[in-house]
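Have a look at the structure below, then the notes.
Residue numbers (our numbering): -8 to 134.
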């Protein structure tokens, strides 16, 4: 059983998880519209709660999950189409958006929440103006 913030997370991909798996894939139900950090609990049938061990330190710790929105998802934009050329975009405080596709040339992007590039691919964010008002704009990593 997987709980995220106390809510069940439905398994997909496999009907039953295997004891030696290190990857869990499941689908959560709807969540609030702002970014949420939630505690993760994994109970393995007949074995008890699973524990996270940091491979670099060997120490245990608590896992947390963060709900984020994908730029490419219509749900990020309230069920409307993703932003098109010339439009302006507002990322509100408490919202985290992962840029997972390149954009057309947008007019304005106002970031009060967080906009984070998916660093597993080469992406382009095209805009005439980008304003960060107390938010977070993350491109790449330190390494």
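We put the beta carbon where it would ideally sit given N, CA and C, even for glycine.
Looking at the unbroken beta strand (DSSP E) that takes in residue i, where does it start and where does it end?
i	result
residue 127	127 to 129
residue 105	105 to 108
residue 79	79 to 82
Which word fits residue i, buried or exposed, when buried means at least 16 other C-beta atoms lie within 10 angstroms of its C-beta?
i	result
residue 122	exposed
residue 48	exposed
residue 8	Below a pLDDT of 50, predicted positions are generally treated as unreliable, and residue 8, at 49, falls in that range; the measurement from the model is reported next regardless. So residue 8 ends up on the buried side.
residue 86	buried
residue 10	Interpretation of residue 10 is limited by its pLDDT of 48, a score under 50 that renders its predicted location unreliable; the figure taken from the coordinates is listed afterwards. With fewer than 16 other Cβ atoms within 10 Å, it is exposed.
residue 60	buried
DSSP beta-bridge partners for residue i?
i	result
residue 121	100
residue 60	88
residue 33	-7
Are the Cβ atoms of residue i and residue j separated by less than 8 Å?
i	j	result
residue 74	residue 65	no
residue 96	residue 109	no
residue 126	residue 102	yes
residue 124	residue 94	no
residue 119	residue 106	no
residue 84	residue 69	no
residue 31	residue -5	yes
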